[in-house]
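In the order they appear, the protein sequences are chains A and B. All letters in the first sequence, in the order written, are residues 1 to 313 by our numbering. All letters in the second sequence, in the order written, are residues 1001 to 1216 by our numbering.
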Amino acid sequence: MRIGILYAGPFGEQMINHISLSGFGDRIVAVYELTPEKVPGGGRSGDIWESPEEFLPADLPEARCDLLLVLGVQGSLGVLVPGVAKRWGARAVVFAIDDRGMVPDARRSIEDELCEVGIHVEFPEPFCVLAGSRNGLVREFAGRFGRPHFRAMVDPSSHRITAITVLRDTPCGTGSSTAKKLEGLPCDPDLILRRCYEEHHNEGADHCCLAEMDPLYPVMQEAGDLLKDAVFSACGLPTTRDLILGILADDGEITVEDLKARVVSTQARRQGEETGCTAGRTVDLYLDELAEEGKVERTGGGRVRTKINKKPC
Amino acid sequence: METADPKEILSILLDFKGERVKEFCERRIRDRITPHGIFAELSAGLDEIGRGFEGKGGTRYFTSDLIVSGRNMKRALAILRPHFPKGGKGRGLVILGTVKGDVHDIGKMIFSVTLESNGFSCIDLGVDVDRAIFAGSVASQRPDILSLSALLSSTLPAMGEVIEELKRRGLREDVKVIVGGHAVTEEFAREIGADAYGRDAIDGLKKCLAFVGAGT
Ligand code: B12
Chain A
1 MRIGILYAGP FGEQMINHIS LSGFGDRIVA VYELTPEKVP GGGRSGDIWE
51 SPEEFLPADL PEARCDLLLV LGVQGSLGVL VPGVAKRWGA RAVVFAIDDR
101 GMVPDARRSI EDELCEVGIH VEFPEPFCVL AGSRNGLVRE FAGRFGRPHF
151 RAMVDPSSHR ITAITVLRDT PCGTGSSTAK KLEGLPCDPD LILRRCYEEH
201 HNEGADHCCL AEMDPLYPVM QEAGDLLKDA VFSACGLPTT RDLILGILAD
251 DGEITVEDLK ARVVSTQARR QGEETGCTAG RTVDLYLDEL AEEGKVERTG
301 GGRVRTKINK KPC
Chain B
1001 METADPKEIL SILLDFKGER VKEFCERRIR DRITPHGIFA ELSAGLDEIG
1051 RGFEGKGGTR YFTSDLIVSG RNMKRALAIL RPHFPKGGKG RGLVILGTVK
1101 GDVHDIGKMI FSVTLESNGF SCIDLGVDVD RAIFAGSVAS QRPDILSLSA
1151 LLSSTLPAMG EVIEELKRRG LREDVKVIVG GHAVTEEFAR EIGADAYGRD
1201 AIDGLKKCLA FVGAGT
């Protein structure tokens, strides 16, 4: 698979650096920094919507790729992505959204334009939610980068984590950097949880999560939740999904709002209480996945209920 | 000596590997710029990034740019720490912290290094500090000065709440309170009953020296 990348800023650079150093370096065939300064008129002219091809930067290199990654490009330049995808012969595009500023203007028309010429496109939000795809190219990429996935070895006598293998790393590298920090730790949920979030949000670390953290758009928090739950799952500890299923098994049907009030805490775990995650978005994601797996059902009026029959006592 | 090029400053702050900041700091030290002067140059770049983050500047900046530039400021602080001009000894104890809800700590760290270089002992309570922790530390450590930082307008009220908590516990008269940070103004400091406002680390140092009777 040949990968082409449109990027901007340190967000894009950190991802490219990590992906290259994690065994995908020789697949990257083109990298171009797409910023407003490179686009005629800074890309501000309304005409950019009429004929985006005319606004492609003059120094855009010629390249041929299969998968086009869009990393950290500002949303207003999203309109140029179909043109680059076509020019580079891409058959699939992954447009990462880790910040409201990266949400492409008129995302729908970008999707339609790409779809018309048979180019598959996905907008993972955040990037590390990507776990699979019906498209083979995206699936191949997501086999290595996206939603963190680990295998952990826990020593049964000392109850310590003796090794963690990264099965899928986050594109920014927090997955593998966190895993390194967990080896040797006792398999204690509070300790592991704290270490996961600390390492994930650690702005001093080279692989820190770079997603937006505004409580109104808490994608960094969601990314941290996915990482923590991946580690918990690998260590055989109860994940947020388990907690959601447990609450629904007890209560049958509740409002999503009530469910979030019980599962979400900005500290992830209140003193003496079991809470699962730090962002409401994470609960929505898990509910969608559980619904797809046929385990829960959204019943309208903002309510949700279990579809798993209670085992007879 | 040439003034720093704003474009170069931006690219140093946004260098995700943080390799260029070392070269820059070392060069500016050789140019005989003081550490505070170098921070002022870098801070001008941060202001530009902040404006772009708000959508006001020419370039649009994201949270990722705030994180990476903040990381590089901390690298600069580590490099410049030994170069802070030193003076004085045993000038008193200062407890510092960034108020509840706010995780910005670079300015506070610069202020803390400035104080230490001038003979103050410092205890840094970190970021996102609850008023009860501030008050508890004042009660147990008996500092001469309490330094509060806030960079977000939304966390300004938390500053006033710390002062109220000190009053509630009968500690207000035991400690001088100085406030500062991007969101704070002189007027706000007066409003909440702080003893002083520091526009920047040097201004804050002058006020702390005056508190302990060692005015410049
Ligand atoms: C780096 C940065 C971050 C980094 C901080 C990393 C870190 N470890 O500190 C990160 C990425 C974490 C961050 C996050 C956010 N940030 Co921010 N951030 C900045 C940025 C670019 C630089 C801050 C900085 O370090 N400045 C340099 C230091 C040296 O300046 P300073 O702190 O003011 O300190 C000086 C003086 O004020 C003084 N001082 C400081 N404290 C004290 C105390 C005393 C007692 C004294 C005397 C002096 C003093 O001494 C220092 C040296 O002279 C600013 C923009 C800017 N220009 O400030 C935005 C900025 C502060 N952030 C902003 C925002 C909105 C956010 C977020 C809400 C973004 C989001 N949507 O998620 C989050 C909030 C997270 C939280 N809960 O706190 C806004 C705040 C707007 C407002 N008025 O409320 C700003 C102003 C950007 C902008 N223009 O929009 N940010």
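Ideal Cβ placement from N, Cα and C applies to all residues, glycine included. This one's a predicted model, so the numbers in the text were calculated from it and none came from an experiment.
DSSP-derived helix/strand/coil call for residue i
{"i": "E1173 (chain B)", "result": "helix"}
{"i": "Y286 (chain A)", "result": "helix"}
{"i": "V1068 (chain B)", "result": "helix"}
{"i": "V1099 (chain B)", "result": "strand"}
{"i": "H207 (chain A)", "result": "coil"}
{"i": "Y1061 (chain B)", "result": "coil"}
{"i": "Y197 (chain A)", "result": "helix"}
{"i": "C277 (chain A)", "result": "strand"}
{"i": "F1084 (chain B)", "result": "coil"}
{"i": "F145 (chain A)", "result": "strand"}
{"i": "I1163 (chain B)", "result": "helix"}
{"i": "I28 (chain A)", "result": "strand"}
{"i": "A1183 (chain B)", "result": "coil"}
{"i": "A1214 (chain B)", "result": "coil"}
{"i": "G1198 (chain B)", "result": "strand"}
{"i": "V39 (chain A)", "result": "coil"}
{"i": "V264 (chain A)", "result": "strand"}
{"i": "V1127 (chain B)", "result": "coil"}
Residues bridged to residue i (per DSSP)
{"i": "G1092 (chain B)", "result": "B:F1120"}
{"i": "Y7 (chain A)", "result": "A:E33, A:L71"}
{"i": "H120 (chain A)", "result": "A:A92"}
{"i": "L1146 (chain B)", "result": "B:I1095, B:V1177"}
{"i": "R298 (chain A)", "result": "A:V304"}
{"i": "R151 (chain A)", "result": "A:T165"}
{"i": "E253 (chain A)", "result": "A:R305"}
{"i": "P218 (chain A)", "result": "According to DSSP, P218 (chain A) bridges with nothing at all."}
{"i": "R160 (chain A)", "result": "A:P186"}
{"i": "G1018 (chain B)", "result": "In the DSSP output, where bridge partners are listed per residue, G1018 (chain B) has none listed."}
Residue closest to residue i, alpha-carbon to alpha-carbon, out of the options
{"i": "L1146 (chain B)", "options": "B:S1154, B:A1210, B:L1152, B:S1137", "result": "B:S1137"}
{"i": "N1072 (chain B)", "options": "A:V29, A:L285, A:P10, A:V39", "result": "A:P10"}
{"i": "T239 (chain A)", "options": "A:K228, A:L248, A:R151, A:A249", "result": "A:K228"}
{"i": "I1038 (chain B)", "options": "B:R1028, B:D1047, B:I1192", "result": "B:R1028"}
{"i": "D1200 (chain B)", "options": "B:V1212, B:V1175, B:L1151", "result": "B:L1151"}
{"i": "L134 (chain A)", "options": "A:D112, A:A92, A:H159", "result": "The sequence as given places Arg at residue 134 (chain A); Leu does not occur at that position. Cα-wise, what sits closest to R134 (chain A) is A:A92."}
{"i": "E1041 (chain B)", "options": "B:A1076, B:V1175, B:L1125", "result": "B:A1076"}
{"i": "A1214 (chain B)", "options": "B:T1155, B:G1087, B:I1133", "result": "B:G1087"}
{"i": "F1084 (chain B)", "options": "B:G1018, B:L1046, B:C1025", "result": "B:C1025"}
{"i": "H207 (chain A)", "options": "A:C115, A:I119, A:E13", "result": "A:E13"}
{"i": "C187 (chain A)", "options": "A:S158, A:E198, A:D284, A:N17", "result": "A:S158"}
{"i": "R303 (chain A)", "options": "A:L287, A:E292, A:E293", "result": "A:L287"}
{"i": "S1154 (chain B)", "options": "B:R1169, B:R1172, B:G1181, B:I1033", "result": "B:G1181"}
{"i": "R1131 (chain B)", "options": "B:C1122, B:I1163, B:S1117, B:Q1141", "result": "B:I1163"}
{"i": "L193 (chain A)", "options": "A:A234, A:M213, A:A261", "result": "A:A234"}
{"i": "A1194 (chain B)", "options": "B:A1183, B:V1179, B:P1143", "result": "B:V1179"}
{"i": "L21 (chain A)", "options": "A:E140, A:L71, A:C172, A:L290", "result": "A:C172"}
{"i": "K307 (chain A)", "options": "A:E212, A:K38, A:L248", "result": "A:L248"}
{"i": "G42 (chain A)", "options": "A:F55, A:S51, A:V31", "result": "A:F55"}
{"i": "I28 (chain A)", "options": "A:E140, A:E37, A:I5, A:G72", "result": "A:I5"}
{"i": "P61 (chain A)", "options": "A:V103, A:L237, A:R87", "result": "A:R87"}
{"i": "E125 (chain A)", "options": "A:D99, A:C115, A:R168, A:A142", "result": "A:D99"}
Pair within 8 angstroms by beta-carbon distance, residue i and residue j
{"i": "L191 (chain A)", "j": "V231 (chain A)", "result": "no"}
{"i": "V264 (chain A)", "j": "T278 (chain A)", "result": "yes"}
{"i": "L1125 (chain B)", "j": "L1096 (chain B)", "result": "yes"}
{"i": "A205 (chain A)", "j": "S176 (chain A)", "result": "no"}
{"i": "C128 (chain A)", "j": "G146 (chain A)", "result": "yes"}
{"i": "E184 (chain A)", "j": "R160 (chain A)", "result": "Reading the sequence as shown, one finds Gly at residue 184 (chain A) and not Glu. Yes; because the gap between Cβ atoms is below 8 angstroms, this pair is in contact."}
{"i": "E1129 (chain B)", "j": "V1103 (chain B)", "result": "A quick correction: the sequence has Val, not Glu, at residue 1129 (chain B). Going by C-beta atoms, V1129 (chain B) is not nearer than 8 angstroms to V1103 (chain B)."}
{"i": "R151 (chain A)", "j": "T165 (chain A)", "result": "yes"}
{"i": "L34 (chain A)", "j": "A58 (chain A)", "result": "no"}
{"i": "V84 (chain A)", "j": "L68 (chain A)", "result": "yes"}
{"i": "V79 (chain A)", "j": "I48 (chain A)", "result": "yes"}
{"i": "P215 (chain A)", "j": "R281 (chain A)", "result": "no"}
{"i": "L259 (chain A)", "j": "I244 (chain A)", "result": "yes"}
{"i": "A1139 (chain B)", "j": "R1169 (chain B)", "result": "yes"}
{"i": "I1106 (chain B)", "j": "K1074 (chain B)", "result": "yes"}
{"i": "I1049 (chain B)", "j": "L1013 (chain B)", "result": "yes"}
{"i": "G75 (chain A)", "j": "D26 (chain A)", "result": "no"}
Cutoff 8 angstroms: residue i Cβ touching any chain C Cβ
{"i": "L1042 (chain B)", "result": "Chain labels in this structure do not include chain C; the protein chains are A and B."}
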